[in-house]
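Per my numbering, the sequence shown starts with residue 19, numbered consecutively.
Even glycine gets a Cβ: it sits at the ideal position worked out from N, Cα and C.
Just so you know, these numbers come straight off a predicted model, no measurement behind them.
Beneath this line is the structure, given in structure tokens, with notes to follow.
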Amino acid sequence: MKARLLFAPFAVALLASLSIATVHAEDLPRRTALDDYIQKPDDSYSWKVVSSEEKDGVKTVVIDMVSQHWLTKEEVNQPEWRHWLTLTIPQQVTSDVGMLFIGGGRNNEGKPRSNERTDAIAKATGTVVTELGLIPNQPLIFHNDGVERVEDDLIGYTWDQFLKTGDAKWPARNAMVKGAVRAMDTITAYMASDEGGNQTVDRFTVAGGSKRGWTTWLTGAVDDRVVAIIPIVIDVVNAYDSMNHHFAAYGFWAPAVGNYVEHKIMERMDHPRLQELYELVDPYYYRHRLTMPKLVLNAAGDQFFLPDSSQFYWDDLRGENYLRYVANGDHGLDKTDAVESIVAFHSLIAQGKKPPQYSWTINDDGSIQVMTKDKPVEVRLWQASNPEARDFRKETLGPKYTSTVIEPGQDGLYVANASTPDKGWTAYFLEMTYDVGAATPLKLTTEVKVTPDTLPFEGKPSNLPGSITVVAKAPDASAAKRIAEEAKVLVKSQDFTKDGLASHVSGKRLFLHFIPNGDARKGLEMMAGYLKKQNCEDLTYQLESGPEMTLPPILAD
């Protein structure tokens, strides 16, 4: 039996017992190169208001901010980092806690405009809501190589530079976090000015998604003005264990992490400098600082991370921790109600109120048992099954999560289980909906469990030179066989593989495998173009470790 706590006062004794098993705070680094970079003076920091407009009950202020200089002109084409900072200020600010959304964008984008989402959040919470753009500044060109890099390609390049040099200036996360810290400086300064109404906004709920979610964790770790964090779709805290789990479940690297495969990070999983890098940038190594309330918001169908990844960090978090997995949500959380939980959680923080207190236990039979001090409006069991693979990505499985309402037992506990399927795997979790007096309800969940609790590719080497398997669905079984043979002929006439093409056909399913000869993109683009002309659907690919294709476990049997 295993229990998970979300800082419930009624479970202090259990919390005390769990703390014995965690890594002691004194074993974690007290100061890192990230701290040094954040605290290093930089005279380039500046900001100016470029527009101010009042409309529909809010004031929208756009600020042009320079946060820092990062690296030299020899190392990067644009050392100066500039950002758009968009403040949405309600007519009546009722809290000194503002909300900072860390966002992305491109360097050449024009001045942002107000948007309905931030307007609504500011009005609903009575707080200043700010969007910080261009985290990271992008595209960037490194070492005059002519390649414009963005997002994970940019970050992966800087990881590679750290692994090669050991120089702690390289991780892009340094500059990303400093950008968020400077944004808080700017918000506080503007609000304290005459133009800002001489108001105090000097505490913050910080939120961001994906790599901005990673930045959210670390901003909370380095700045005590952060009183709550909402890291979104970055279910990779304790990255080493999490990514090994990813590979052991799939037997390959998902396309979503392709930039890190391309930069050969995955081939160096056991490189001693990778551990040093994690100690610099992985929030897991700052968890002794992260004692503020947290809403960890994840997608149960994420393209990057497995839905049961919280097992690698949840028990070790400090302070007040609240979890939500969004059923049928992928990395973008499009067409979900995730934003409602963000609004409700921030509203509670801004008002100085505690979110609902609950805890859960995983029983020996796999059932999930929830004890909640605050009565939920509704509790649901969500579950999804994949008969072929331990894979719950929405892009491969589809929106397969379904739910049933769970009623409390006589003891007030909510208990539910999912049956182990005859074939494949089932993922399941409990979701509690609370009315917290905010404009939107707050949904919280347990962790996600998977049954059977097995990893089909555990022990398979994950650090071998790569190859690619393209997967597609042909119009019918005979077409699949024909296309597989024709693809082999096509490949012989091209120069993008080293050893030709291997294939496997299962009904309408096609698996086409090759070892790239040079740029893998060339082969992928050519193969995808050919398959589309053959009216194939559901095209995807697998980034293999080693020279052979990986088949779904049920097919492989």
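| field | C-beta atoms of K129 and V80 nearer than 8 Å | value | yes
| What residues in its chain sit with their C-beta under 7 Å from that of M544, if we drop five residues either side in the sequence? | Q512 and F514
| Which term fits A436, buried or exposed, when burial requires 16 or more other beta carbons within 10 angstroms of its beta carbon? | buried
| task | Just confirm the distance between the C-beta atoms of G238 and V224, as a whole number of angstroms; I'd bet it's less than 8 Å. | result | 6 Å
| field | Pairwise C-alpha distance: F270 and W400 | value | 27 Å
| query | In chain order, what residues of the same chain lie with their CB nearer than 6 Å to the CB of S327, ignoring the 5 residues before and after it? | reply | D253 and S260
| task | Spatial neighbours of G518 within its chain, please: CB distance less than 8 Å, with the 5 preceding and 5 following residues excluded, ordered by chain position. | result | K506, V509, K510 and F532
| message | So for W188, helix, strand or coil by DSSP? | response | coil
| Do you know whose CA, among W332, P405, L52 and Q293, lies nearest G379's CA? | The sequence as given places Thr at residue 379; Gly does not occur at that position. Ranking the options by Cα distance to T379, first place goes to W332.
| request: Run through the region 426 to 463 for me and flag every whole alpha helix (DSSP H) of 4 or more residues, listed as ranges in chain order. | output: none
| field | Close-in-space but distant-in-sequence residues of the same chain around S359 (CB under 6 Å, 5 per side omitted) | value | R342, L460 and K461
| task | Look at V344 and A318 and say whether their C-beta atoms are less than 8 Å apart. | result | yes
| query | Tell me which same chain residues have a C-beta within less than 8 Å of the C-beta of I38, skipping the five on either side of it? | reply | Residue placement at I38 is poorly supported in this model, since its pLDDT is 28, which falls under 50; the coordinates are not used for a value here.
| said: Would G484 and V195 qualify as a contact pair, given that the criterion is a beta-carbon distance under 8 Å? | reply: no
| message | I believe V84 touches E98 by the beta-carbon criterion, under 8 Å. Please report the beta-carbon distance rounded to the nearest angstrom. | response | 6 Å
| task | For the region 285 to 292 and the region 381 to 395, state whether three or more C-beta atom pairs, one from each stretch, are separated by less than 8 Å. | result | no
| task | Tell me, please, which residues DSSP counts as bridged to S64. | result | V84
| Neighbour-count burial assignment, A43, 16 or more Cβ in a 10 Å radius | Residue placement at A43 is flagged as unreliable, the pLDDT there being 45, under the threshold of 50; a coordinate-derived value is accordingly withheld.
| request: Indicate whether the contact test is met: 3 or more Cβ pairs, each with one atom in the region 165 to 174 and one in the region 101 to 111, closer than 8 Å. | output: no
| query | What residue does the beta strand (DSSP E) around M117 start on, and which one ends it? | reply | V115 to I120
| task | Pull up the CB-CB distance for G121 and G151, whole angstroms please, since I reckon it's below 8 Å. | result | 5 Å
| said: Using 8 Å as the threshold, is the C-beta distance between T106 and S132 below it? | reply: yes
| field | Rounded C-alpha distance that separates E71 from K77 | value | 6 Å
| message | I need the boundaries of the beta strand (DSSP E) containing E149, first residue and last residue. | response | V147 to L150
| Can you tell me whether DSSP reads A43 as helix, strand or coil? | Low confidence applies to A43: its pLDDT is 45, below 50, so where it sits in the model is not reliable enough to give any reading.
| query | Which class does H306 belong to by DSSP, given the choice of helix, strand or coil? | reply | coil
| Between the C-alpha atoms of Y432 and N481, what's the straight-line distance to the nearest angstrom? | 43 Å
| With C-beta atoms as the reference, is D348 less than 8 Å away from P374? | no
| query | From L89 to W102, what distance separates their C-alpha atoms? | reply | 21 Å
| So, helix, strand or coil for Q96, using DSSP? | coil
| said: Pop quiz: S496 and L573 are said to be a contact at Cβ under 8 Å. What is the actual Cβ separation, rounded to whole angstroms? | reply: So it is not a contact: roughly 19 Å between Cβ atoms.
| Do T346 and Y446 have their C-beta atoms closer together than 8 Å? | One point to set straight first is that residue 346 is Asn, not Thr, in the sequence displayed. Contact flag unset, no.
| Alpha carbon to alpha carbon, how far is A207 from I283? | 40 Å
| task | Please report the residue range of the alpha helix (DSSP H) in which R342 lies. | result | Taken as a continuous stretch (DSSP letters only), R342 belongs to no alpha helix (DSSP H), being part of the beta strand (DSSP E) at N339 to V344.
| field | Simplified DSSP state of N404, which is helix, strand or coil | value | strand
| Is the CB-CB distance between W232 and R200 below 8 Å? | no
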